[in-house]
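Notes follow once the structure below has been shown.
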Amino acid sequence: MQTGRYIGTFSQKLDISCRCRPTHHRIGRRRERAMYVISPVGFDEFLDRLMRNDPEFASSKVPTGVTAFWCESLGRPGWMFAGTDLDPGSPLPREISQINDLQIMSNLLQMHGEARLAAMMLEWSNYPAQSQILAAPDLGAALQFVVTASNRKNPAMAARIIRSQGMAVFRFDMDPRFGPFCGIHEQLLLIWIFLIIRSFLGVSAQGIGQLPRIVISRLHSNDAIDALLPCEVVYDSEAASVGVPEELMDFPGLTFDPELWASILASLEKAGGGKRRPSSRRPDEIEHLVRNVLAKEARVPPFAEIAAELGLSERTLARNFAACGQTYRALIDKLRMAMAQEMLLQDGLKVKDLGHQLGYSDPSAFVRSFRRYSGVSPARWRKMKKREGSPHGGSTR
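This is the structure:
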């Protein structure tokens, strides 16, 4: 397993020139590939630290989805559940804790490696929620269903479809708290979306001929996996995404079932507490967007940029914020401080570097903001937390 290909929480971005070798499976391109180098923290150590430092996130519930398919595909092996509190002999529940899901992924990576897991997905005859998705009238409706269902069921991922320059781009952003698991999660989601597209287009000779027009943008890569994808793969994107030409979004589904589809949509609305107001999840989606920009580009994205990413006008987004009783500035400040505390718990990171990473103009501005938020300086806060975590440290109360 080549762990150097996974994305770290606050990893260093390196520009590495790489030639993509054309094959009969995909369209080759010569591009400069953006690679991310994971910090020297193993999966087990990361999981231990996540459970210790962010128990609320670690214990939050996520749908089993793809995890259940791994379980069934591999015959429910005991090693897959090592380190979890799940019973290998019992069916997986619909939801499990984030920490259990990540532990299972760690076990899969250590046993099979990233490339083999991707290859196994591409060999699947079906995939999570296949019967629901294939009941859709067309590809566009199916992908929109995935966006809505994913955002409602998994708050640690923000999904959306952006329409631009004749392409419908399915994009998702992982919560940076996934750390070294961000890369593999993004990769498996990319393949899952491609499987959905293939299920619609691959039922006819006309549709199969359109697959090379699908564009998968990747933040990290594995040549062995890319060679398996019968579509275009590019490496200069700042986000993991799957692009579909607009006209293909109307590609009809041969298994469209009007009654079943109406029932599925009604169940989805019921699960979401009725028809949602457009602003109900905007702060969460924006938080994911801003986290990614800060972690990868060390800057705060302007309000106009966020509105464009969400496909909204600035006025509409401002109204959405007002409906939630929040402002963009307040969200930015709260998120910066939350990320600062996460970063301060990592060894070897200097306070002045944290300020730069979080988009402050100078270290003193960061220190002032942190002191207003926490009541102490960043250095003092770090010492207090280390003292709390030390077996010889006393109480800070």
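Residue numbers for the sequence shown follow my numbering, so the first one is 214 and each next one is one higher. Here a beta-carbon is modelled for each residue, glycine too, at the ideal position from N, C-alpha and C. The structure displayed is predicted, hence computed values, not measured ones.
Using a threshold of 7 Å, state whether the C-beta atoms of Met318 and Ala381 are closer than that. Your numbering for residue 318 matches position 105 in the sequence shown. Your numbering for residue 381 matches position 168 in the sequence shown. Not a contact, by the Cβ cut-off of 7 Å.
For Arg262, does the three-state DSSP call read helix, strand or coil? By one-based count along the sequence shown, residue 262 stands at place 49. Helix, per DSSP.
Tell me where the alpha helix (DSSP H) around Gly588 begins and ends. Working through the sequence shown from its first residue, we reach residue 588 at position 375. For Gly588, no alpha helix (DSSP H) run applies, since DSSP gives it neither H nor E.
Same chain only: Cβ atoms within 7 Å of Leu473, ignoring 5 sequence neighbours per side: Reading the sequence shown from its first residue, position 260 is the one you call residue 473. Correct list, in chain order: Ala348.
For Ile309, does the three-state DSSP call read helix, strand or coil? As a working mapping, residue 309 is identified with position 96 in the sequence shown. Look at Ile309 here: in three-state DSSP terms it is strand.
For the structure I just gave you, are there three or more beta carbon pairs, one from the segment 330 to 347 and one from the segment 300 to 312, closer than 8 Å? The segment 330 to 347 vs the segment 300 to 312: no contact.
So, is Asp439 buried or exposed, given that buried needs 16 or more other C-beta atoms within 10 angstroms? The residue labelled residue 439 in the question sits at position 226 within the sequence shown. Flag for Asp439 reads buried.
Simplified DSSP assignment, three categories, for Gly456: Reading the sequence shown from its first residue, position 243 is the one you call residue 456. Note: Gly456 maps to strand in three-state DSSP.
Are the CB atoms of Gly572 and Val513 nearer to each other than 7 Å? Your numbering for residue 572 matches position 359 in the sequence shown. Your numbering for residue 513 matches position 300 in the sequence shown. With respect to the 7 Å criterion, Gly572 and Val513 are classified as neighbours on the basis of their beta carbons.
Three-way DSSP call (helix, strand, coil) for Arg512 in this model: Looking up residue 512 in the sequence shown gives position 299. It is coil, neither helix nor strand.
Output the distance between the C-alpha atoms of Phe413 and Thr468, rounded to the nearest integer angstrom. The sequence position of residue 413 within the sequence shown is 200, counting from 1. The sequence position of residue 468 within the sequence shown is 255, counting from 1. Spanning the alpha carbons of Phe413 and Thr468 requires a straight line of approximately 9 Å.
Cβ shell of Arg584 (< 7 Å), same chain only, five flanking positions each side left out: Working through the sequence shown from its first residue, we reach residue 584 at position 371. Answer for Arg584: Ser590, listed in chain order.
Give the range of the beta strand (DSSP E) segment to which Ser363 is assigned. Residue 363 sits at position 150 when you count from the first residue of the sequence shown. For Ser363, no beta strand (DSSP E) encloses it; the enclosing alpha helix (DSSP H) starts and ends at 352 to 366.
Would you please state the rounded distance, in angstroms, between the beta carbons of Arg384 and Ala479? I believe it to be under 8 Å. Along the sequence shown, read from residue 1 onward, the residue named residue 384 stands at position 171. Along the sequence shown, read from residue 1 onward, the residue named residue 479 stands at position 266. 27 Å between Cβ atoms; not a contact.
Top-ranked residue by Cα proximity to Lys483, from Lys366, Trp594, Gln323, Ser310: Translated into the one-based positions of the sequence shown, residue 483 becomes position 270. When only C-alpha atoms are compared, the closest one is Lys366.
Endpoints, the beta strand (DSSP E) within which Phe385 is located: Walking along the sequence shown from the start, residue 385 turns up at place 172. Start and end: 380 to 387.
CA-to-CA distance, Pro471 to Thr509, given in whole angstroms: The residue you call residue 509 lines up with position 296 of the sequence shown. The residue you call residue 471 lines up with position 258 of the sequence shown. The residue you asked about is not Thr; residue 509 is Lys in the sequence shown. Spanning the two alpha carbons is a distance of roughly 43 Å.
Taking 6 Å as the limit between beta carbons, can you name the residues of its chain near Ile406, skipping five residues before and five after? Your numbering for residue 406 matches position 193 in the sequence shown. Closer than 6 Å at Cβ, skipping near neighbours: Phe383, Val455.
Please report the straight-line C-alpha distance between Asp267 and Ile375, rounded to a whole angstrom. Locating residue 267 in the sequence shown gives position 54, where the first residue counts as 1. Locating residue 375 in the sequence shown gives position 162, where the first residue counts as 1. C-alpha of Asp267 to C-alpha of Ile375: approximately 32 Å in a straight line.
Among Leu558, Pro576, Phe358, which has the Cα closest to the Cα of Leu481? For the purposes of this step, residue 481 is identified with residue 268 of the sequence shown, where counting begins at 1. The shortest C-alpha to C-alpha distance from Leu481 to any of Leu558, Pro576, Phe358 is the one to Phe358.
Do Phe394 and Pro341 have their beta-carbon atoms positioned less than 7 Å apart in this structure? For the purposes of this step, residue 341 is taken as the residue at position 128 of the sequence shown. For the purposes of this step, residue 394 is taken as the residue at position 181 of the sequence shown. No, they are not a contact pair.
With 16 other Cβ atoms within 10 Å as the buried cut-off, status of Gln419: Here residue 419 refers to the residue found at position 206 of the sequence shown. So Gln419 ends up on the exposed side.
beta-carbon Tyr541 near the ligand HEM non-hydrogen atom, thresh 6 Å: What this structure holds is no ligand at all, so the ligand HEM is not there to describe.
Along the chain, where does the alpha helix (DSSP H) that runs through Ser286 open and close? Your numbering for residue 286 matches position 73 in the sequence shown. Going by DSSP, Ser286 is part of the alpha helix (DSSP H) stretching over 279 to 286.
Distance, Cα to Cα, Asp566 vs Gln400? Indexing the sequence shown from 1 puts residue 566 at position 353. Indexing the sequence shown from 1 puts residue 400 at position 187. Looking at the two C-alpha atoms, the distance is approximately 30 Å.
Measure the CB-CB distance between Leu403 and Ile429 and report whether it falls below 7 Å. As a working note, residue 403 is residue 190 in the sequence shown. As a working note, residue 429 is residue 216 in the sequence shown. Yes; because the gap between Cβ atoms is below 7 Å, this pair is in contact.
Determine the DSSP secondary structure at Pro443, reduced to helix, strand or coil. In the sequence shown, residue 443 corresponds to position 230, counting from 1. Residue state, collapsed to three classes: coil.
When the Cα atoms are used, what is the spatial distance from Lys596 to Asn505? By one-based count along the sequence shown, residue 596 stands at place 383. By one-based count along the sequence shown, residue 505 stands at place 292. C-alpha separation (whole angstroms): 27 Å.
Alpha carbon to alpha carbon, how far is Ala362 from Gly524? Give it in angstroms, no decimals. As a first step, residue 524 is located in the sequence shown; it is residue number 311 there, counting from the start. As a first step, residue 362 is located in the sequence shown; it is residue number 149 there, counting from the start. Ala362 has its alpha-carbon roughly 19 Å from the corresponding atom of Gly524.
Go to Ser377, then tell me how far its alpha helix (DSSP H) extends in each direction, as first and last residue. On the sequence shown, residue 377 is found 164 positions in, with the first residue counted as 1. Where Ser377 is concerned, there is no enclosing alpha helix (DSSP H), although the beta strand (DSSP E) it sits in stretches over 370 to 377.
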